[in-house]
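These notes are about the structure you will find just below.
2 protein chains.
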Amino acid sequence: MKELQERIQREGQILGNGILKVDSFVNHQVDAALMDACGREFARRFANLGAAKVLTAEISGIAPALTTALHLGLPVVYARKTKPITMPDQVYLTLAPSHTKGRMVELIISPEYLANHEKVLIIDDFLASGATILGLVRLAEAAGAKIVGIGTLIEKTFEGGREALKHLNIPVESLACIASMDDGKIVFSE
Amino acid sequence: MKELQERIQREGQILGNGILKVDSFVNHQVDAALMDACGREFARRFANLGAAKVLTAEISGIAPALTTALHLGLPVVYARKTKPITMPDQVYLTLAPSHTKGRMVELIISPEYLANHEKVLIIDDFLASGATILGLVRLAEAAGAKIVGIGTLIEKTFEGGREALKHLNIPVESLACIASMDDGKIVFSE
Chain A
1 MKELQERIQR EGQILGNGIL KVDSFVNHQV DAALMDACGR EFARRFANLG AAKVLTAEIS
61 GIAPALTTAL HLGLPVVYAR KTKPITMPDQ VYLTLAPSHT KGRMVELIIS PEYLANHEKV
121 LIIDDFLASG ATILGLVRLA EAAGAKIVGI GTLIEKTFEG GREALKHLNI PVESLACIAS
181 MDDGKIVFSE
Chain B
1001 MKELQERIQR EGQILGNGIL KVDSFVNHQV DAALMDACGR EFARRFANLG AAKVLTAEIS
1061 GIAPALTTAL HLGLPVVYAR KTKPITMPDQ VYLTLAPSHT KGRMVELIIS PEYLANHEKV
1121 LIIDDFLASG ATILGLVRLA EAAGAKIVGI GTLIEKTFEG GREALKHLNI PVESLACIAS
1181 MDDGKIVFSE
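Protein chains in written order, with my numbering: chain A, 1 to 190; chain B, 1001 to 1190.
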């Protein structure tokens, strides 16, 4: 998506260690209009999958998941990273490494909001190693739900996430694919 | 707002200790269409304040803040509760008690995204004691920004938040005001 690529090129900051800072429009400050445009684009690409729910992980996944859900007319479920007191004792829980936190984080979903055989579309901000998304896949599978598609705003193609998701045999769509960030330059693959 | 009140009446669960569980449409599963309607209503009520930015706290504030920002044509900034590695060393940080976590949490904003004299509209999911919102107010004031309005989805009027915010002398709007939750019954004040 041209609009997103241009914004990344203009405002994205390479912090080293494979970290791309997009805090001015995705991860701390959020450009609502841009997120809406991204949600519309995901909705267009995933329109025919019959998804009943959009699944994401707090925190940064919420904005693009919400706008996608809005355009598809679906609810969102976001996996929590700490169990709130409103959640039942029995939950689906898995661990995933967090790139930006440098440690393992929990991903938790209440069985109340993921049903057996439910078709689920995963939306997240980044596709890097795919570890967070694979965590969401495990949670969905534990609930008996079926992942029908995966969409991310920004894919770092050099971190292998797409290969890690290949065995799922479902469409994986990223709105901006970064092929390299060497020498402080962001190079897109499309 | 009738639509929100009806949903709270139908799906809200009183867990005791003043906790209202609305995880099926606000706090874990999110009804995107309802959030959009709430955002539209906030945008209508706060249209004339000249806000340049919507401010909220992760995690549950993000959805209503985003839809409000969308309808007002503004960006959102959400205060982080843990400092990500993408954030500069020097930040605005304050502490606020979390009702649902039963402990103090940090609220952190990067100086990059709150400017001196910037007019800011605060949107959050709950107004209970007002402690989280007062935390956001302190962060905004530290940045020299000016809070021009406060909007929350659900106000528990019996927890004193509105009084705690009164000294700010700005409009405080809640879309559903709960006057009591005694005997397992949710009673709205409007």
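All residues carry an ideal CB built from backbone N, CA and C; glycine is no exception.
Taking Cβ-Cβ distances shorter than 9 Å, what residues in chain B pair up with residue i?
{"i": "A:Gly192", "result": "Here chain A comprises residues numbered 1 to 190, so residue 192 of chain A is not present and cannot be evaluated."}
Taking 8 Å as the CB-CB cut-off, is residue i touching chain A?
{"i": "B:Asp1182", "result": "no"}
{"i": "B:Asp1124", "result": "no"}
{"i": "B:Ser1110", "result": "yes"}
{"i": "B:Ile1178", "result": "no"}
{"i": "B:Ile1008", "result": "no"}
Which bits of chain B does residue i rub up against, with CB to CB less than 8 Å?
{"i": "A:Tyr113", "result": "Asp1023, Ser1024, His1028 and Gln1029"}
{"i": "A:Val77", "result": "His1028, Gln1029 and Val1030"}
Please list the partners that residue i has in chain A, where partner means a Cβ-to-Cβ separation under 7 Å.
{"i": "B:Glu1058", "result": "Ile59"}
{"i": "B:Arg1080", "result": "His28"}
{"i": "B:Leu1015", "result": "Thr86"}
{"i": "B:Ala1063", "result": "Ile62 and Leu66"}
For a contact defined as C-beta to C-beta under 7 Å, what are the partners of residue i on chain B?
{"i": "A:Asp36", "result": "Leu1070"}
{"i": "A:Thr100", "result": "Pro1084, Ile1085 and Thr1086"}
Could you check whether the Cβ of residue i sits closer than 8 Å to any Cβ belonging to chain B?
{"i": "A:Leu127", "result": "no"}
{"i": "A:Pro97", "result": "no"}
{"i": "A:Gly144", "result": "no"}
{"i": "A:Ile19", "result": "yes"}
Measuring CA to CA, which of the options is closest to residue i?
{"i": "A:Asp183", "options": "A:Gln13, A:Lys2, A:Glu3 and A:Leu4", "result": "A:Gln13"}
{"i": "B:Cys1177", "options": "B:Leu1168, B:Thr1152 and B:Lys1146", "result": "B:Thr1152"}
{"i": "A:Asn17", "options": "B:Asn1169, B:Thr1086 and B:Ile1123", "result": "B:Thr1086"}
{"i": "A:Gly73", "options": "B:Val1172, B:Ala1032 and B:Asp1089", "result": "B:Ala1032"}
{"i": "B:Leu1055", "options": "B:Phe1046, B:Ala1037, B:Pro1075 and B:Glu1041", "result": "B:Pro1075"}
{"i": "A:Glu141", "options": "A:Leu70, A:Glu155 and A:Lys119", "result": "A:Lys119"}
{"i": "B:Ala1037", "options": "B:Lys1081, B:Gln1005 and B:Asn1048", "result": "B:Gln1005"}
{"i": "A:Ile147", "options": "A:Glu155, A:Arg138 and A:Phe126", "result": "A:Arg138"}
{"i": "A:Arg45", "options": "A:Tyr113, A:Leu136 and A:Ser174", "result": "A:Ser174"}
{"i": "A:Tyr92", "options": "A:Ser98, A:His99 and A:Ala115", "result": "A:Ala115"}
{"i": "A:Glu112", "options": "A:Asp125, A:Met1, A:Val77 and A:Phe42", "result": "A:Val77"}
{"i": "B:Ala1043", "options": "B:His1071, B:Gly1144 and B:Phe1158", "result": "B:His1071"}
{"i": "B:Ala1145", "options": "B:Ile1019, B:Asp1023 and B:Lys1053", "result": "B:Lys1053"}
{"i": "A:Asp125", "options": "A:Met181, A:Lys21 and A:Leu168", "result": "A:Lys21"}
{"i": "A:Thr94", "options": "A:Asn48, A:Ala143, A:Leu168 and A:His117", "result": "A:Ala143"}
{"i": "B:Lys1002", "options": "B:Asp1089, B:Glu1163 and B:Glu1041", "result": "B:Glu1041"}
{"i": "B:Leu1168", "options": "B:Pro1088, B:Ala1047 and B:Gly1130", "result": "B:Gly1130"}
{"i": "A:Gly28", "options": "A:Phe158, A:Arg10 and A:Ala63", "result": "Per the sequence shown, residue 28 of chain A should be read as His rather than Gly. Answer by Cα proximity: A:Ala63."}
{"i": "A:Leu49", "options": "A:Ala179, A:Phe158 and A:Val172", "result": "A:Val172"}
{"i": "B:Arg1023", "options": "A:Ser189, A:Phe188 and A:Pro88", "result": "The sequence as given places Asp at residue 1023 of chain B; Arg does not occur at that position. When only C-alpha atoms are compared, the closest one is A:Pro88."}
{"i": "A:Ile19", "options": "A:Arg10, A:Glu159 and A:His117", "result": "A:Glu159"}
Does the distance from the CB of residue i to the CB of residue j come in under 8 Å?
{"i": "B:Ala1051", "j": "B:Leu1121", "result": "yes"}
{"i": "B:Ile1123", "j": "B:Gly1161", "result": "no"}
{"i": "A:Phe25", "j": "A:Leu15", "result": "no"}
{"i": "A:Ile8", "j": "A:Ile154", "result": "yes"}
{"i": "B:Leu1165", "j": "B:Ile1133", "result": "yes"}
{"i": "A:Ala69", "j": "A:His99", "result": "no"}
{"i": "B:Ala1079", "j": "B:Ala1057", "result": "yes"}
{"i": "A:Lys83", "j": "A:Val105", "result": "no"}
{"i": "A:Gly102", "j": "A:Thr67", "result": "no"}
{"i": "B:Gly1135", "j": "B:Ala1096", "result": "yes"}
{"i": "B:Ile1059", "j": "A:Ile59", "result": "yes"}
At a Cβ threshold of 8 Å, is residue i touching chain C?
{"i": "B:Ala1140", "result": "In the structure shown, chain C cannot be found, because the protein chains are A and B."}
Within the stretch 1032 to 1087 of chain B, ranges of the alpha helix (DSSP H) (whole runs, at least 4 residues) = 1032 to 1045 and 1062 to 1072
- [ ] Would you mind listing the beta strand (DSSP E) stretches within the stretch 134 to 189 of chain A that are 3+ residues and don't spill past its ends, in chain order?
- [x] 146 to 156 and 172 to 180
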